[in-house]
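Participant: Numbering follows the working numbering, with no gaps: position 100 of the sequence shown is 103. All residues carry an ideal CB built from backbone N, CA and C; glycine is no exception.
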Amino acid sequence: MSSASSAPFTDGDAADLVRLRQDFAQLEAEYADLKLLYEAMIEHGEAVEDQLAEQNLLLERTQARLDEELNDAGRYVFSILPDKRTEAPATDWLLLPSTELGGDSFGYHRIDDDHFAIYLLDVCGHGVGAALLSVTVINVLRASALASADFRDPSTVLKALNDTFPMEKQNNMFFTIWYGVYKASTGELRYATGGHPPSILLRGPNRPEAAPSCELLITVGGVAIGALSDMDYDSDVTRVFPGDRLLVISDGTFEVNGPDGDMLSVEALAAHVEAHASGPGDVLSWVKSFNGEGPLPDDFSLLEVRF
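1) Check whether the segment 205–218 touches the segment 129–143, taking contact to mean three or more Cβ pairs, one atom from each stretch, closer than 8 Å.
2) Can you pull the DSSP bridge partners for aspartate 1?
3) Note down the Cα distance separating proline 100 from aspartate 125, rounded to an integer number of angstroms.
4) By DSSP's criteria, aspartate 26 is part of a beta bridge. Which residues make up the other side?
5) Residue range of the beta strand (DSSP E) that lysine 186 falls in?
6) Grab the span of the beta strand (DSSP E) containing threonine 241 for me, first residue to last.
7) Counting C-beta neighbours from all protein chains within 10 Å, is the total for proline 11 16 or more, i.e. buried, or is it exposed?
8) Give the C-beta separation of glycine 359 and aspartate 247 to the nearest angstrom, bearing in mind that I take them to be a contact with Cβ-Cβ under 8 Å.
9) Alpha carbon to alpha carbon, what distance is there between aspartate 75 and alanine 35?
10) Report the option in Gln25, Phe310 and Thr65 whose CA atom is closest to the CA atom of glycine 190.
11) I need the DSSP call for histidine 112, collapsed to helix, strand or coil.
12) By DSSP, does glutamate 277 sit in helix, in strand, or in coil?
13) Determine, using beta-carbon pairs with one atom in the segment 112–119 and one in the segment 278–297, whether at least three such pairs fall under 8 Å.
14) Could you give the DSSP three-state label for glycine 264: helix, strand or coil?
15) Using only CA atoms, which one of Ala67, Tyr236, Gln25 and Val160 lies nearest to leucine 149?
16) Relative to the C-alpha of valine 143, which candidate in Glu46, Gly128, Gly132 and Leu164 has its C-alpha closest?
17) Can you find the residues in the same chain that come closer than 6 Å, C-beta to C-beta, to valine 243, ignoring five residues on each side of it along the sequence?
18) Just the Cα atoms here: how many angstroms apart are methionine 184 and glutamine 173?
19) Unbroken alpha helix (DSSP H) runs of length 4 or more, entirely within the segment 134–200: which are they?
20) Where DSSP assigns a beta bridge to serine 216, which residues make up the other side?
21) Does the beta-carbon of threonine 89 have 16 or more other beta-carbons within 10 angstroms, so that it is buried, or is it exposed?
22) Quick check on DSSP: helix, strand or coil for aspartate 233?
Structural data, given as structure tokens:
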């Protein structure tokens, strides 16, 4: 019985073994480096996650603070709006900003025992800047704080506003306005407009036979306040009677797409309120019926005055 023979271990085999051991040692070193790199990446990733979590928490707190400040600003804007009146001239109104803060605002107050001021303005754009300018102008009008204006004369009021609020000093913002003064002793309503939509005068049962049942009150040529310097504004006058209603509006009350796809007009709005004797809430529902879901494209402001 013969035993199996084995090949002799040569110098070449020894050299191969040395190379294998060297390759293995290199692989071990590379593995150790990769392990260290992986551990460093894990540690860095955890640090990044912690940092991101901290930043997200900071952003959430900042957003909550900004939201609360916007809510405070919105509440302030509404706080300066006048109380609704029940005695003549009685009032009703509705303001619905399209964003958290809009540029629409309005007011009314007695100038003296015989004169009653009515006004609505619309600052271009939205946000804090527009709301700030709107509130400032309303406070100026309410306090009669324009030295060069006779607040019983709408044309001088608009001229003084234009001189006081040039757009280059208001972050390039301008505003439109309808301003009227009702004189109780004569029934005269004098008004002026600066780039603003007309108001809608709905005649009651005491109107003269020759008077139309619905009139649009606007003056020609008055540009937006602050857009151009050294502007003069014309005023016009009409007679109102007990039972008449005045709707002072912003363009957001009608600038939505109507049933035919075209934008509604102030004439269409006037026809609707004349036919349905609509108040502010009814008008809003009618306008929103064309707008679909979501907010209106612009601030909705409607001030109703009943004589």
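Facilitator: Per the coordinate set shown:
1) Not touching, per the Cβ criterion.
2) Since the first and last residues shown for the chain are 4 and 310, residue 1 lies out of range.
3) Whole-angstrom Cα-Cα distance: 11 Å.
4) According to DSSP, which records beta bridges pairwise, aspartate 26 is partnered with nothing at all.
5) Segment 178–186, the beta strand (DSSP E) holding lysine 186.
6) For threonine 241, the enclosing beta strand (DSSP E) starts and ends at 239–242.
7) In this structure proline 11 is exposed. Its beta-carbon is surrounded by fewer than 16 other beta-carbon atoms within 10 angstroms.
8) Given a span of 4 to 310 for the chain in the structure shown, any question on residue 359 remains unanswerable.
9) Alanine 35 and aspartate 75: Cα-Cα distance of roughly 59 Å.
10) It is Phe310 whose Cα lies nearest to the Cα of glycine 190.
11) Assignment of histidine 112 by DSSP, reduced to helix, strand and coil, places it in the strand class.
12) Here glutamate 277 sits in helix by DSSP.
13) Segment contact: the segment 112–119 against the segment 278–297, fewer than three CB-CB distances shorter than 8 Å; contact not assigned.
14) Residue state, collapsed to three classes: coil.
15) Per the C-alpha coordinates, the member of Ala67, Tyr236, Gln25 and Val160 positioned closest to leucine 149 is Val160.
16) Among Glu46, Gly128, Gly132 and Leu164, the Cα nearest to that of valine 143 is on Leu164.
17) Taken in chain order, the residues that qualify are Gly190, Leu192 and Phe310.
18) Before going on, a small fix: residue 184 reads as valine here, not methionine. Rounded to whole angstroms, the separation of the alpha carbons of glutamine 173 and valine 184 is 27 Å.
19) Within the segment 134–200, the complete alpha helix (DSSP H) runs of at least 4 residues are 157–167.
20) Residue pairing for serine 216: DSSP places it in no beta bridge.
21) When all chains shown are included, threonine 89 counts as exposed.
22) If DSSP states are grouped into helix, strand and coil, aspartate 233 belongs with coil.
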